[in-house]
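Student:
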Amino acid sequence: MESQKILILITHRDGDGDGYTRACFAFKLAVIFVNMGVDTVVYLGGAASVLAQDGRAQPVNPIDNGENIRSYIDDFILNQGKIFVCCACYMSHCGIHDERDMKKTLIKGMECGGIAAMAGLSLESKVFTF
Numbered sequence: 029m030e031s032q033k034i035l036i037l038i039t040h041r042d043g044d045g046d047g048y049t050r051a052c053f054a055f056k057l058a059v060i061f062v063n064m065g066v067d068t069v070v071y072l073g074g075a076a077s078v079l080a081q082d083g084r085a086q087p088v089n090p091i092d093n094g095e096n097i098r099s100y101i102d103d104f105i106l107n108q109g110k111i112f113v114c115c116a117c118y119m120s121h122c123g124i125h126d127e128r129d130m131k132k133t134l135i136k137g138m139e140c141g142g143i144a145a146m147a148g149l150s151l152e153s154k155v156f157t158f
């Protein structure tokens with residue numbers, strides 16, 4: 029039996045209405061999948077790419093029990109989940125103009141991946157979009 033693969037595509041953030049709540053829900057779901065042993069990848073594109081900037085996701089607190097999106101991101105990475113970020117989106121939304129600066133500001137454990145990487149992942153995975 030072939031192992032399951034999940035791709036969670038997140039494109040919303042604050043300024044998109046309930047974008048951070050949606051992103052938080054997506055990361056919570058990703059943590060559940062990875063803890064179930066499912067090969068899970070999160071791809072941050074568009075406006076959600078700013079969540080990859082170290083320190084940016086910290087103050088977000090859409091959950092009543094005090095958890096924030098950064099706790100889900102860290103838990104996902106700690107449990108061997110993979111996170112790819114659209115490089116062009118990240119640089120545009122974070123105002124970064126040099127790829128070296130971009131790599132210095134990413135949360136440790138995240139990787140730059142273009143739209144072609146996301147397309148390839150989507151062909152071999154069940155896809156959830158937020």
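Residue numbering for the sequence shown follows the numbering used here, beginning at 29 and increasing consecutively. Glycine included, every Cβ here is placed at the ideal spot set by N, Cα and C.
(1) Count the other C-beta atoms from every protein chain shown that fall within 10 angstroms of the C-beta of residue 125, then say buried if there are 16 or more, exposed otherwise.
(2) When the distance is taken between beta carbons, is residue 158 closer than 7 Å to residue 38?
(3) By DSSP's criteria, residue 156 is part of a beta bridge. Which residues make up the other side?
(4) Measure the Cβ-Cβ separation of residue 112 and residue 36 and say whether it is below 7 Å.
(5) Starting from the Cα of residue 96, find the closest Cα among 154, 76, 51, 121 and give me that residue.
(6) Buried or exposed for residue 143, going by 16 or more other Cβ atoms inside 10 Å?
(7) Grab the span of the beta strand (DSSP E) containing residue 67 for me, first residue to last.
(8) Tell me whether residue 79 is buried or exposed, calling it buried when 16 or more other Cβ atoms sit within 10 Å of its Cβ.
(9) Using the beta-carbon count (16 or more within 10 Å), is residue 76 buried or exposed?
Tutor: Result, derived from the coordinates:
(1) On the sequence shown, position 97 is the one that residue 125 refers to. By the neighbour-count criterion, in which a residue is buried when 16 or more other Cβ atoms sit within 10 angstroms of its Cβ, residue 125 is exposed.
(2) By one-based count along the sequence shown, residue 38 stands at place 10. By one-based count along the sequence shown, residue 158 stands at place 130. Contact flag set, yes.
(3) Residue 156 sits at position 128 when you count from the first residue of the sequence shown. 36, per the DSSP bridge assignment.
(4) The residue labelled residue 112 in the question sits at position 84 within the sequence shown. The residue labelled residue 36 in the question sits at position 8 within the sequence shown. The answer is no: Cβ separation not under 7 Å.
(5) Position 68 of the sequence shown holds residue 96. Of 154, 76, 51, 121, the smallest CA-CA separation from residue 96 is found for 51.
(6) In the sequence shown, counting from the first residue as 1, residue 143 sits at position 115. It counts as exposed.
(7) Within the sequence shown, the letter at position 39 stands for residue 67. Where residue 67 is concerned, the enclosing beta strand (DSSP E) stretches over 67-72.
(8) On the sequence shown, residue 79 is found 51 positions in, with the first residue counted as 1. Looking at its Cβ environment, which holds 16 or more other Cβ atoms inside 10 Å, residue 79 is buried.
(9) Against the sequence shown, residue 76 aligns to sequence position 48. It is buried - the Cβ of residue 76 has at least 16 other Cβ atoms within 10 Å.
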